[in-house]
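Okay, structure first, notes after.
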Amino acid sequence: MVNQTNTKKETILKLLYKASGDTVSGVRISEATGISRVAVWKHISALKQSGVPIESRPNGYVLSRPEDLLFPFCFEKPFRERIHHFQEVNTTMDTAKALAREGAPHLSCVIAEHQTKGRGRLNREWVSAEGGLWFTLILRPPEPPHLVYIYNFAASLCLSKVLKQLFDLKVSVKWPNDLLLGGKKLAGMLSEMETRGDMVQFLVVGIGINVNNDPAHKEFNAVSLKNVLKKKVSRKHIMTQFLSEFQNRIQDINCPDIIDQWKKQTSTIGSRVRVETFDRIHEGKAVDVDETGALIIEDDRQQQQKIIYGDCFHA
Ligand code: BTN
0 MVNQTNTKKE TILKLLYKAS GDTVSGVRIS EATGISRVAV WKHISALKQS GVPIESRPNG
60 YVLSRPEDLL FPFCFEKPFR ERIHHFQEVN TTMDTAKALA REGAPHLSCV IAEHQTKGRG
120 RLNREWVSAE GGLWFTLILR PPEPPHLVYI YNFAASLCLS KVLKQLFDLK VSVKWPNDLL
180 LGGKKLAGML SEMETRGDMV QFLVVGIGIN VNNDPAHKEF NAVSLKNVLK KKVSRKHIMT
240 QFLSEFQNRI QDINCPDIID QWKKQTSTIG SRVRVETFDR IHEGKAVDVD ETGALIIEDD
300 RQQQQKIIYG DCFHA
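Below, the structure written as structure tokens:
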């Protein structure tokens with residue numbers, strides 16, 4: 000938000016947010032922003048049009064479910080300065096990459112309420128309706144490219160810990176980095192990077208979590224927190240806890256330790272799996288994940304295969 004109009008909109012939003020669910024009168028907003036009540040009404044209409052959940056009441060305006068909002072000012076420092084929030088983008092992956100190329104710092108985060116071209120692994124479509132938590136982290140790990148896989152494993156572990164802490168849910172992890180609840184997909188991760196010379200210039204880790212959306216309409220094998228908990232939950236709480244957990248976790252990242260912990264939570268090892276890669280399909284029993292994060296499967300002729308990338312389905 001850079002121009003004058005957007006500054007006014009942000010001031011209005013902050014006023015409504017601070018009111019924590021109470022109604023704020025048009026007069027009060029007009030005084031605080033120095034614009035007419037008609038101009039207030041126009042800004043509010045534009046905000047509503049873009050999807051911000053504002054209700055008009057006889058005595059003013061109220062923000063619905065403020066605890067769920069993901070605007071930067073809803074977060075504490077240091078995350079507040081690093082969050083970029085959009086109502087709609089094609090995909091947070093591309094927005095994050097553009098920001099990274101412009102120099103966005105380590106642990107910046109792009110959040111979108113809605114993605115028109117959300118993408119999943121193997122370039123599949125990722126359905127990203129409103130109510131879900133769709134974001135991409137920008138990381139600048141001081142590592143060569145072959146070591147960055149560990150950040151995805153760390154992210155899936157952190158997310159599963161946060162879901163346990165906040166909702167007492169026991170999720171399992173599916174190779175490589177999906178989160179499952181009752182065998183259905185709750186969250187998926189996708190990472191992409193750009194390199195300079197032998198080193199990673201930046202890594203973007205995209206995370207999609209089905210929170211207050213109803214994914215089963217389009218993906219029968221997916222589930223959301225709302226579906227399981229039978230109520231809407233705060234995406235901001237999930238985001239806040241996750242960012243803090245992840246920041247701590249990657250401070251002194253230890254690959255064997257993370258893979259060991261991941262293995263304790265996975266439902267992939269021991270399952271019969273089908274793994275789709277760009278050029279073929281592997282089938283067999285998943286027997287291990289090695290220290291590089293690769294999946295080892297044993298086919299029906301007892302031959303072991305090592306798979307470094309793909310989409311895995313449990314039989
Ligand atoms: C998968 O399971 O196939 C990975 C899904 C990753 C989805 C997230 S949502 C936020 C970010 N933006 C995208 O377009 N994709 C990732």
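The opening position of the sequence shown corresponds to residue 0 in numbering that gives the first Met the number 0, with each subsequent residue numbered one higher.
Backbone N, C-alpha and C define an ideal beta-carbon position, used for all residues, glycine too.
No experiment lies behind these values; they were computed from the predicted model shown.
Check: Cβ-based burial, residue 96 [other Cβ within 10 Å; buried from 16]; Outcome: buried
Check: Of the residues 289, 296, 245, 277, the one placed nearest residue 283, counting alpha carbons only; Outcome: 296
Check: Touch test, the region 179 to 186 against the region 268 to 283, Cβ-Cβ under 8 Å, three pairs minimum; Outcome: no
Check: Assigned exposure category for residue 35 - 16 Cβ within 10 Å defines buried; Outcome: exposed
Check: In DSSP terms, what residue 206 is bridged to; Outcome: 134, 188
Check: Any non-hydrogen atom of the ligand SAH closer than 6 Å to residue 120 Cβ; Outcome: Judged by which ligands are present, the ligand SAH is missing from the structure shown, whose ligands are the ligand BTN.
Check: Three-pair Cβ contact test at 8 Å for the region 32 to 46 versus the region 68 to 80; Outcome: no
Check: Closer than 6 Å: residue 265 CB and nearest the ligand BTN heavy atom; Outcome: no
Check: Cβ shell of residue 0 (< 8 Å), same chain only, five flanking positions each side left out; Outcome: Since pLDDT at residue 0 reaches only 40, below the 50 mark, its modelled position is unreliable, and the value read off the structure follows with that caveat. Within the same chain, residue 0 has close Cβ partners 6, 8, 9.
Check: Cβ-based burial, residue 102 [other Cβ within 10 Å; buried from 16]; Outcome: exposed
Check: Collapsed DSSP secondary structure at residue 0 in the structure displayed; Outcome: Reliability of the predicted coordinates at residue 0 is poor, the pLDDT of 40 falling under 50, and no value is obtained from them.
Check: Backbone CA spacing between residue 133 and residue 285 [nearest angstrom]; Outcome: 29 Å
Check: Of the listed residues 75, 64, 144, nearest to residue 51 (C-alpha basis); Outcome: 64
Check: Status (buried if at least 16 other CB within 10 Å, exposed otherwise) for residue 124; Outcome: exposed
Check: Nearest-angstrom Cβ-Cβ length linking residue 202 and residue 138, presumed shorter than 8 Å; Outcome: 5 Å
Check: Same chain only: Cβ atoms within 6 Å of residue 197, ignoring 5 sequence neighbours per side; Outcome: 143
Check: Sequence-distant residues of its chain with Cβ nearer than 6 Å to residue 257 (five each side left out); Outcome: 149, 152, 153
Check: Start-to-end residues for the beta strand (DSSP E) that takes in residue 59; Outcome: 59 to 62
Check: Residue 189: CB within 6 Å of a non-hydrogen atom of the ligand BTN; Outcome: yes
Check: 6 Å CB neighbourhood of residue 83 in its chain, flanking five on each side removed; Outcome: 109
Check: Three CB pairs or more closer than 8 Å across the region 245 to 261 and the region 83 to 92; Outcome: no
Check: Cα-Cα separation between residue 135 and residue 212, rounded to whole angstroms; Outcome: 18 Å
Check: Own chain, CB closer than 7 Å to residue 200, minus 5 neighbours either side, in chain order; Outcome: 193, 194
Check: Of the residues 248, 287, 119, 28, the one placed nearest residue 205, counting alpha carbons only; Outcome: 119
Check: beta-carbon residue 92 near the ligand BTN non-hydrogen atom, thresh 6 Å; Outcome: yes
Check: Boundaries (first-last residue) of the alpha helix (DSSP H) holding residue 256; Outcome: 254 to 264
Check: Range of the contiguous beta strand (DSSP E) that encloses residue 274; Outcome: 271 to 275
Check: Residue 133 Cβ short of 6 Å to the ligand BTN heavy atom set; Outcome: yes
Check: Residue 81 vs residue 107 beta-carbon contact at 7 Å; Outcome: yes
Check: Contacting residues, own chain, Cβ-Cβ under 6 Å from residue 168 (five flanking each side not counted); Outcome: 162
Check: Check whether residue 185 and residue 209 have beta carbons under 7 Å apart; Outcome: yes
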